[in-house]
Amino acid sequence: MSDYLVIVESPAKAKTIERYLGKKYKVKASMGHVRDLPKSQMAVDTENEYKPKYITIRGKGDVVKDLKSAAKKAKKVYLAADPDREGEAIAWHLAHILDVDEHSECRVVFNEITKDAIKDSFKHPRSIDMDLVDAQQARRILDRLVGYNISPLLWKKVKKGLSAGRVQSVAVKLVIDREKEIENFKPEEYWSIEGQFQKDKDVFEGSFYGIKGKKKELKTKQDVNDILKEIKGKKFKVDKVKKKERRRNPALPFTTSSLQQEAARKLNFKAKKTMMIAQQLYEGIDLGKKAGGITGLITYMRTDSTRISDTAKGEAKDYIIDQYGKTYLGINKKQKKSEGAQDAHEAIRPTSVGRDPKSLKPILSRDQFRLYKLIWERFLASQMAPAVMDTMTVHLLNNLVEFRATGSKIKFKGFMKVYIEGTDDNKKEDNKFLPELSEGMEVTANDIKPNQHFTQPPPRYTEARLVKTMEELGIGRPSTYAPTLDTIQRRGYVSIDNKRFIPTELGSIVSEIMEEFFPKIIDVAFTAKMEGDLDAIEEGKTEWITIIDQFYTDFAKRLEKAEQEMEKIEIKDEPAGIECENCGHEMVYKMGRYGKFLACSNFPECRNTKPILKEIGVKCPKCKEGNVVERKSKKRRVFYGCDRFPECDFLSWDKPISRPCPKCDNLLVEKKSKKGTQIQCTQCEYKEAPQT
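Under the numbering used here, think of the first position of the sequence shown as 2, with each following residue one higher.
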């Protein structure tokens with residue numbers, strides 16, 4: 002019999018932790034939550050201080066039975082669920098089921114699954130933090146009150162299978178509001194004048210700035226013509242030369258939000274995938290017996306803190322000095338806690354910087370390696386010296402018409418030797434060359450070229466942009482971003498086109514209903530304030546029942562009004578203009594989980610459905626009869642196939658183009674990469690230069 006029973010959430014962690022603790026400890030897994038509100042009913046007593054009714058989750062009976070049996074045999078039970086609100090709630094539910102005193106020192110938390118961290122955590126057990134439990138319970142009850150009251154109303158008035166949620170409704174509204182901005186956007190004309198200048202053999206570029214040192218905007222072609230008339234000849238005088246040194250600091254270590262954003266930008270990972278792989282790296286990877294067996298490679302991945310432990314800083318310092326030299330070592334400044342951040346535990350970092358990505362590549366899967374490399378590089382770079390750039394701005398004059406040329410070059414790479422943070426607009430590093438110029442010199446304008454431009458609408462949200470916006474607005478918390486984005490896609494409220502969110506007709510209808518009857522639920526400011534109120538529960542500043550009651554008092558009135566006044570909305574089927582090949586009735590466009598599709602109007606007698614196919618103007622290269630159309634896989638990935646499927650099984654993940662290969666006459670396709678779109682042959686080695 003083991004002296005101590007330790008309960009964690011996952012079996013993967015259980016084996017590793019048991020090995021670290023030794024023979025006196027038996028480690029078992031609860032497999033996540035063991036108790037929850039039942040799915041079949043509201044299970045919140047609004048007449049009795051919002052008392053929740055918890056039940057053992059269906060299918061967890063054997064797990065609970067096994068844990069009870071093990072708990073009876075142990076001298077002491079330690080509850081070691083994850084170090085966050087949800088983990089605290091799981092520990093509390095386990096304490097209730099196993100008759101463990103929640104006030105006893107039964108709770109153990111650790112931020113990384115390494116031998117030292119695990120052993121140290123068991124030296125400092127504590128009681129269950131009821132403020133954390135109440136904060137999680139309040140969120141759960143609040144979401145239940147919203148979802149289980151509004152969703153049935155939507156089923157009755159709009160369509161079955163719909164749902165409304167406190168955070169998801171705001172996320173959908175953000176996407177819809179951005180789409181409205183784009184639709185209402187009126188482009189404005191503006192111009193620029195670009196010049197190509199030469200000094201001896203060196204050629205460089207500059208742009209029109211203004212007249213007599215004052216900046217001038219060019220709004221029309223006439224403005225441009227007026228400037229061009231003022232330029233006399235091709236000689237420009239160097240009026241001023243400004244040189245300075247600019248320092249660029251490294252990005253901070255990853256939080257949950259910044260990890261999801263950067264993985265989306267650099268690895269093309271969805272938030273859900275990022276968190277799934279991060280969980281695997283946190284829980285442990287088998288490195289082999291010589292390297293210590295199953296080992297957690299990163300710290301806990303649900304965090305809003307950029308704080309790093311002194312131990313990790315010290316290890317990074319030694320590594321940087323050893324690998325790059327003292328000049329690359331950064332000066333650690335105290336990081337300010339960002340507004341709204343809980344700062345419960347460290348930033349996401351490798352558990353040991355000595356385990357560099359290259360050494361782990363043979364062990365990790367491709368996706369695990371790529372995400373680990375991103376986390377490792379970001380952490381190491383955050384502890385390195387700033388990059389130093391030499392910048393130069395040159396003022397060029399011709400008859401009081403001023404052009405300016407700017408250039409920069411990297412003087413000292415610093416952290417950029419390891420890692421450079423990505424951007425949503427894919428801007429490249431500015432490293433333009435300028436020749437050595439001094440005041441009074443003359444340069445020659447080889448070419449002066451005016452360019453017409455139009456202002457662009459704000460871009461649609463990518464996953465990275467939407468997560469960043471939600472974080473900035475205070476909507477949701479680290480653990481909610483990934484499930485929220487997944488939910489709004491599964492419900493069919495948004496679709497994805499070219500990696501960007503577009504609201505569906507269904508999403509717009511539901512959002513309009515919410516705005517009319519439940520304006521607070523989709524109000525950004527209200528939702529952010531509610532998040533702050535829920536955090537106040539966690540900090541012990543307020544009672545959870547008070548916060549729930551303040552919300553529900555007004556919500557119940559609006560719910561009653563909606564029940565009485567909300568009209569039934571019929572989403573009419575739009576005729577497709579083609580006949581059903583099975584029964585001859587007209588096909589119609591219907592709204593489904595993933596957007597529109599074609600269905601027979603003679604439903605349910607005829608159940609014929611088909612996807613809406615988008616032709617790309619290419620004949621099928623296999624059967625020579627059909628046309629190539631754009632399709633989507635079950636995972637919503639775009640591919641291309643013949644419209645005569647299943648008679649013809651042509652398939653391509655790359656987009657075919659209409660012209661044949663000039664070398665072998667076979668199919669050409671567009672291959673997309675970070676460098677741009679490259680046209681290449683599917684049979685021979687023919688390739689064309691990438692188009693950005």
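In this text, a Cβ means the ideal position worked out from N, Cα and C, and glycines have one as well.
Annotation for residue 157: the continuous alpha helix (DSSP H) segment containing it runs 131–158. Taking 9 Å as the cut-off, the Cβ atoms of residue 671 and residue 679 count as close. Per DSSP, reduced to three states, the secondary structure at residue 664 is coil, with no helix or strand assignment. Residue environment analysis places residue 63 among the exposed positions, since fewer than 16 neighbouring C-beta atoms fall within 10 angstroms of its C-beta. When the alpha-carbon of residue 210 is set against those of 201, 193, 517 and 259, the nearest one is in 193.
For residue 396, the enclosing beta strand (DSSP E) begins and ends at 388–399. Following the DSSP letters along the chain, one finds residue 552 inside the alpha helix (DSSP H) bounded by residues 545–566. Here DSSP, grouped into helix, strand and coil, assigns residue 46 to strand. Separation of the CB atoms of residue 434 and residue 388 is rounded to 18 Å, and the pair is thereby denied contact status at 8 Å. In the DSSP assignment, residue 6 falls within the beta strand (DSSP E) that extends over 5–9. The beta carbon of residue 77 lies closer than 7 Å to those of 5 in the same chain, with the five residues before and after it left out.
By the 16-neighbour rule on beta-carbons within 10 angstroms, residue 682 is buried.
Leaving aside the five residues that flank residue 7 on each side, the residues in its chain whose CB is nearer than 6 Å to its CB run, in chain order, 26, 28, 79 and 81.
For a cut-off of 8 Å, the C-beta gap from residue 57 to residue 45 is around 18 Å, too long to register as a contact. Look at residue 12 here: in three-state DSSP terms it is helix. With a cutoff of 9 Å on beta-carbon distance, residue 406 and residue 235 are scored as not near each other. When the beta-carbon positions are compared, residue 396 and residue 243 come within less than 9 Å of each other. Restricting attention to 282, 441, 452 and 332, the CA atom closest to the CA of residue 371 is found in 282.
For residue 384, same chain residues with a beta-carbon under 6 Å away, outside a window of 5 residues either side, are 317 and 331 in chain order. Under a 10 Å Cβ-count criterion, residue 654 is classified as exposed, with fewer than 16 other Cβ atoms of the shown protein chains found around its own Cβ. Runs of the beta strand (DSSP E) lying entirely within the region 164–214 and spanning at least 3 residues, in chain order: 190–200 and 203–212. A straight line joining the alpha-carbon of residue 252 with that of residue 382 spans about 8 Å.
C-alpha of residue 612 to C-alpha of residue 465: approximately 29 Å in a straight line.
Cβ contact annotation for residue 262 (same chain, cutoff 6 Å, sequence separation greater than five): 465, 468 and 469, in chain order. In this structure, the alpha-carbon of residue 532 lies about 50 Å from that of residue 404. In the three-state DSSP reduction, residue 54 falls in the coil class, being neither helix nor strand.
For the 9 Å CB-CB criterion, residue 265 and residue 511 do not form a contact. In the DSSP assignment, residue 536 falls within the unbroken alpha helix (DSSP H) covering 525–539. The way I'd put it, the region 356–366 does touch the region 272–290; three or more beta-carbon pairs between them come closer than 8 Å.
Residues 244, 408 and 435 of the same chain have their beta carbon placed closer than 6 Å to that of residue 393, with the five preceding and five following residues left out of the count. About 14 Å separates the CB atoms of residue 643 and residue 618; that is not less than 8 Å, and the two are not in contact. Sequence-distant partners of residue 486 (beyond 5 residues in either direction) whose C-beta falls short of 8 Å from its own C-beta, in its chain, are 172, 271, 272, 273, 464, 467 and 468.
Inter-segment contact for the region 446–459 and the region 185–200 is present: three or more beta-carbon pairs are separated by less than 8 Å. Around the beta carbon of residue 254, 16 or more other beta carbons sit within 10 angstroms, so the residue counts as buried. The beta carbon of residue 684 sits closer than 8 Å to the beta carbons of 662, 665, 667 and 668 from its chain, once the five residues preceding and following it are set aside; these are given in chain order. The C-beta distance from residue 605 to residue 587 rounds to 16 Å, too long to fall under 8 Å, and the pair is not in contact.
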